[in-house]
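The numbering of the sequence shown is the working numbering, which starts it at 1 and goes up by one. Every residue gets a Cβ at the ideal spot worked out from N, C-alpha and C, and that includes glycine. Treat the numbers as computed from the prediction; the structure is a model and nothing was measured.
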Amino acid sequence: MAAKVYLALLHYPVYNKREEVITTSITNLDIHDIARSARTYAVERLFFIHPAEAQQRLAQDILQYWQQGYGSTYNTDRKEALSIVRLTHTLQDAVEEIRVACGRLPVIITTDARIFPNTISYQELRSKMERDDRPYLVLFGTGWGIERELMQSFDYILEPIIGRGNYNHLSVRAAAAIILDRLLGR
């Protein structure tokens, strides 16, 4: 039995380029593009995690337009993709929603451009997910990465995506699509 897979995009606590802990903004492109990728790969839920009420309202307005407003009839494919999106204030809120839905806590995997002691390959994680009935939460950070102490609390960290060149600064949307394909693609 294959595992149920969840995704989340974390906006706090993350670093800026000066390694200060900040809160980043939710973007319209992230909502649309990651939801479309997640829906394509049969992800159960996509959480956008942000502590600020103003950002929650902005994201809710976007979702409402495409789920109940004019956008829901104009582009039904977009409506379907966005149907898996949930907004939460904290990572713990998302984890609790998964625990309630599945009856157990998820295995939490995150991503980074660096190697950590608990780094796992795509092949190894894919194999675990195919054999396991536990839920898995794949967590993406924004800004310049998830705060280190929080990062070290996760079960696994996926190996970095490495291209042919030396440049290594993918958008989170591109990284999510690549990772979904490596873990869940045919």
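From arginine 104 to methionine 129, what distance separates their C-alpha atoms? Locating residue 104 in the sequence shown gives position 104, where the first residue counts as 1. Locating residue 129 in the sequence shown gives position 129, where the first residue counts as 1. When rounded, the distance between both Cα atoms is 15 Å.
Mind checking which residues open and close the alpha helix (DSSP H) that includes tyrosine 70? For the purposes of this step, residue 70 is taken as residue 70 along the sequence shown, with counting starting at 1. Tyrosine 70 -> alpha helix (DSSP H) spans 70-74.
Applying the 10 Å Cβ sphere with the 16-neighbour rule, what's the burial state of glutamine 55? Against the sequence shown, residue 55 aligns to sequence position 55. It is buried - the Cβ of glutamine 55 has at least 16 other Cβ atoms within 10 Å.
From aspartate 77 to glutamine 123, what does the alpha carbon distance come to, in whole angstroms? Numbered from 1 along the sequence shown, position 77 holds the residue referred to as residue 77. Numbered from 1 along the sequence shown, position 123 holds the residue referred to as residue 123. If you take the alpha carbons of aspartate 77 and glutamine 123, they lie about 31 Å apart.
Where does alanine 113 fall in DSSP's three states? Counted from its first residue, the sequence shown places residue 113 at position 113. Three-state result, alanine 113: coil.
First through last residue of the alpha helix (DSSP H) which encompasses alanine 176: The residue you call residue 176 lines up with position 176 of the sequence shown. Segment 172-184, the alpha helix (DSSP H) holding alanine 176.
Boundaries (first-last residue) of the beta strand (DSSP E) holding threonine 40: Taking the sequence shown and counting its residues from 1, the one referred to as residue 40 is at position 40. No beta strand (DSSP E) holds threonine 40; the alpha helix (DSSP H) holding it covers 28-40.
Please name the residue in Leu87, Phe116, Thr88, Pro135 whose C-alpha comes closest to that of arginine 99. Looking up residue 99 in the sequence shown gives position 99. Relative to arginine 99, the option among Leu87, Phe116, Thr88, Pro135 whose CA is nearest is Pro135.
Any contact of the stretch 112-122 with the stretch 138-151, i.e. 3+ C-beta pairs under 8 Å? Three or more Cβ pairs closer than 8 Å define a contact, and the stretch 112-122 meets that threshold against the stretch 138-151.
Reducing DSSP to helix, strand and coil, say where valine 95 ends up. Taking the first residue of the sequence shown as position 1, residue 95 is located at position 95. The three-state reading of DSSP puts valine 95 in helix, counting H, G and I together.
In chain order, what are the residue ranges of uninterrupted beta strand (DSSP E) at least 3 long that sit wholly in the stretch 123-165? Listed in chain order, the complete beta strand (DSSP E) runs (minimum 3 residues) inside the stretch 123-165 are 136-141, 156-158.
Where isoleucine 120 falls: helix, strand or coil (DSSP): Locating residue 120 in the sequence shown gives position 120, counting from the first residue. Isoleucine 120: strand per DSSP, three-state reduction.
Tell me the rounded alpha-carbon separation between leucine 9 and alanine 2. For this step, residue 9 is matched to residue 9 along the sequence shown. For this step, residue 2 is matched to residue 2 along the sequence shown. Using only the alpha carbons, I get a separation of about 23 Å.
For leucine 63, name the three-state secondary structure that DSSP assigns. The count along the sequence shown starts at 1 and reaches residue 63 at position 63. Helix.
Around the Cβ of lysine 4, are there at least 16 other Cβ atoms within 10 angstroms (buried) or fewer (exposed)? Mapped onto the sequence shown, residue 4 falls at position 4. Label assigned to lysine 4: buried.
If you follow the beta strand (DSSP E) that valine 85 is part of, which residue opens it and which one closes it? As a working note, residue 85 is residue 85 in the sequence shown. That run of the beta strand (DSSP E) goes 85-88.
Alpha carbon to alpha carbon, how far is arginine 126 from leucine 7? To locate residue 126, count along the sequence shown from 1; it is residue 126. To locate residue 7, count along the sequence shown from 1; it is residue 7. The alpha-carbon atoms of arginine 126 and leucine 7 are separated by roughly 15 Å.
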